[in-house]
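Enquirer: According to my numbering, the stretch in the sequence shown is residues 3 to 261, in order. We treat Cβ as the ideally placed atom computed from N, Cα and C, and that holds for glycine. Note that this is a predicted model, so its numbers are computed, not measured.
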Amino acid sequence: MEISASNLEIGYGEYVAVQDMDIQVKKGEITTIIGPNGSGKSTVLKALTRLLKYRKGIVRLDSRDLLQFEAKELARRVGVLPQRHSAPPDFKVKDLVGYGRMPYQKWYSKNSAEDEKVIDWALKVTGTWELREKSINQCSGGESQRVWIATVLTQQPEILFLDEPTTYLDISHQLETMRLVRRLNRESGIGVVMVLHDLSQALEVSDRIVVIKEGRKYSEGTPDEVITSRMMKEVYDVDCEILHIPGRKNPLIAYREIS
């Protein structure tokens, strides 16, 4: 499975946020979208998941126009976790995670044995099984993020879209979330598309990186191809060295001293 966009133009009123955007994401790969604040990263992610309309171009799931899919049909193939999400504070974790099964149910039906099996799997694979009887407001920030990922996983998507999944988390929970993303990809074959600000995280977990600058694609490729000192200067206006260390798959970013 793959989702591809060609010649996308996305705007708000007269403002053009993204233009001439070509991008392709695949099941089985982790693709990370990076770029400065306001460059259009989240806008592109929303367009790829039909959360945002575009003015020009087309988005296809395999060879089919994304606009042709019914909502439930699309939700069984694509899962989306936006940057901001909320639930009633008295909701139990297991009940919230169960809502991800809605694309497989009629409005009046209860959870089937298959639904319960998938819910249990999502709780276990995200490490939230022990939290299942807690209310969502009793969970820490890191726990809550894993619960929301579990909720999207119960849709059994082929590609999971995450908009800044580590925002508002401390470093420990950021690393925990990145490990979970990599494990889901490796063990379940789920494709992951993320918007990230932390370039070190992008280097560690990504198969491919797409760089966006001022609403246009600046570059795309493997972490080693994309994260260069020239890109850092031209896109982020940051001086740094990219260090290639023997034994490490991906390079490290060494920023200039602050003086």
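Taking the C-alpha atoms as reference points, what is the distance between D64 and S231?
Expert: Here residue 64 is taken as the residue at index 62 of the sequence shown, counted from 1. Here residue 231 is taken as the residue at index 229 of the sequence shown, counted from 1. Rounded to the nearest whole angstrom, the CA to CA distance from D64 to S231 is 35 Å.
Enquirer: Mind reading off the beta-carbon distance from P225 to N187? Whole number of angstroms is fine, and I expect it under 8 Å.
Expert: Locating residue 225 in the sequence shown gives position 223, where the first residue counts as 1. Locating residue 187 in the sequence shown gives position 185, where the first residue counts as 1. No, P225 and N187 are not in contact; Cβ-Cβ is about 15 Å, not under 8 Å.
Enquirer: Return the CA-CA distance between V240 and R258, expressed in angstroms with no decimal places.
Expert: Looking up residue 240 in the sequence shown gives position 238. Looking up residue 258 in the sequence shown gives position 256. The alpha-carbon separation between V240 and R258 amounts to approximately 8 Å.
Enquirer: Tell me whether Q158 sits in a helix, a strand or coil according to DSSP, three-state version.
Expert: Translated into positions along the sequence shown, residue 158 becomes position 156. In the structure shown, Q158 sits in coil (DSSP, three-state: anything other than H, G, I, E or B).
Enquirer: According to the neighbour-count rule (16 or more other Cβ atoms, all chains shown, within 10 Å of its Cβ), is S208 buried or exposed?
Expert: Here residue 208 refers to the residue found at position 206 of the sequence shown. Its Cβ being crowded by 16 or more others within 10 Å, S208 is buried.
Enquirer: Assuming the contact rule is C-beta atoms closer than 8 Å, I12 and R57 should be a hit. Round their C-beta distance to whole Å, please.
Expert: Counting from one through the sequence shown, the residue named residue 12 turns up at place 10. Counting from one through the sequence shown, the residue named residue 57 turns up at place 55. Right, the Cβ-Cβ distance comes to about 7 Å (below 8 Å), so this counts as a contact.
Enquirer: Would the beta-carbon of T156 fall within 8 Å of that of G100?
Expert: By 1-based counting over the sequence shown, the position of residue 156 is 154. By 1-based counting over the sequence shown, the position of residue 100 is 98. It is a contact, given that the beta carbons lie within the stated cut-off.
Enquirer: I'd like the list of long-range same chain contacts for N139, defined as Cβ closer than 6 Å, with 5 residues on each side in sequence excluded.
Expert: Here residue 139 corresponds to residue number 137 of the sequence shown, with the count starting at 1. Once the five neighbours on either side are set aside, the close Cβ partners of N139 are P91.
Enquirer: Could you give the distance in angstroms between the alpha-carbon of S111 and the alpha-carbon of D97?
Expert: Taking the first residue of the sequence shown as 1, we reach residue 111 at position 109. Taking the first residue of the sequence shown as 1, we reach residue 97 at position 95. Rounded to whole angstroms, S111 to D97 spans 15 Å at the Cα level.
Enquirer: Three or more beta-carbon pairs under 8 Å between the region 119-131 and the region 147-162, yes or no?
Expert: Contact between the region 119-131 and the region 147-162 is present, because at least three Cβ pairs lie under 8 Å.
Enquirer: Classify N9 as helix, strand or coil using the three-state DSSP reduction.
Expert: Here residue 9 refers to the residue found at position 7 of the sequence shown. Correct three-state label for N9: strand.
Enquirer: In whole angstroms, give me the CA-to-CA distance for E135 and A124.
Expert: By 1-based counting over the sequence shown, the position of residue 135 is 133. By 1-based counting over the sequence shown, the position of residue 124 is 122. Using only the alpha carbons, I get a separation of about 15 Å.
Enquirer: Look at the alpha carbon of Y106 and the alpha carbon of L54, and state the distance between them as a whole number of angstroms.
Expert: The residue given as residue 106 occupies position 104 in the sequence shown. The residue given as residue 54 occupies position 52 in the sequence shown. Taking the straight line from one Cα to the other gives about 24 Å.
Enquirer: What's the gap between the Cα of M196 and the Cα of N113?
Expert: The sequence position of residue 196 within the sequence shown is 194, counting from 1. The sequence position of residue 113 within the sequence shown is 111, counting from 1. For M196 and N113, the distance between alpha carbons rounds to 30 Å.
Enquirer: From the DSSP output, in three-state form, read off G217 for me.
Expert: As a first step, residue 217 must be located in the sequence shown, where it is residue number 215. Here G217 sits in coil by DSSP.
Enquirer: If you compare alpha carbons, which of L201, E166 and I5 is closest to A256?
Expert: One-based indexing of the sequence shown puts residue 256 at position 254. The shortest C-alpha separation from A256 is found at L201.
Enquirer: One question on the structure: do R158 and M180 come within less than 8 Å of each other, judged by their Cβ atoms?
Expert: Taking the first residue of the sequence shown as position 1, residue 158 is located at position 156. Taking the first residue of the sequence shown as position 1, residue 180 is located at position 178. In the sequence as presented, Arg is not what sits at residue 158; that position holds Gln. In this structure, the beta-carbon distance from Q158 to M180 does not fall below 8 Å.
Enquirer: For a test of the three-state rule: what should DSSP assign to E72, helix, strand or coil?
Expert: For this step, residue 72 is matched to residue 70 along the sequence shown. In this structure, E72 counts as coil in the three-state DSSP scheme.
Enquirer: Just list the residues that DSSP pairs L201 with in beta bridges.
Expert: For this step, residue 201 is matched to residue 199 along the sequence shown. DSSP, once it has assigned bridges, lists no residue as partnering L201.
Enquirer: For D67, which of helix, strand or coil comes out of DSSP?
Expert: Along the sequence shown, one-based indexing puts residue 67 at 65. Strand.
Enquirer: Fully enclosed by the region 89-130, which alpha helix (DSSP H) runs are 4 residues long or longer?
Expert: 95-100 and 115-127
Enquirer: By Cβ distance below 6 Å, which residues in the same chain neighbour L68 in space, the five residues on each side in sequence not counted?
Expert: Numbered from 1 along the sequence shown, position 66 holds the residue referred to as residue 68. The residues are R52 and V61.
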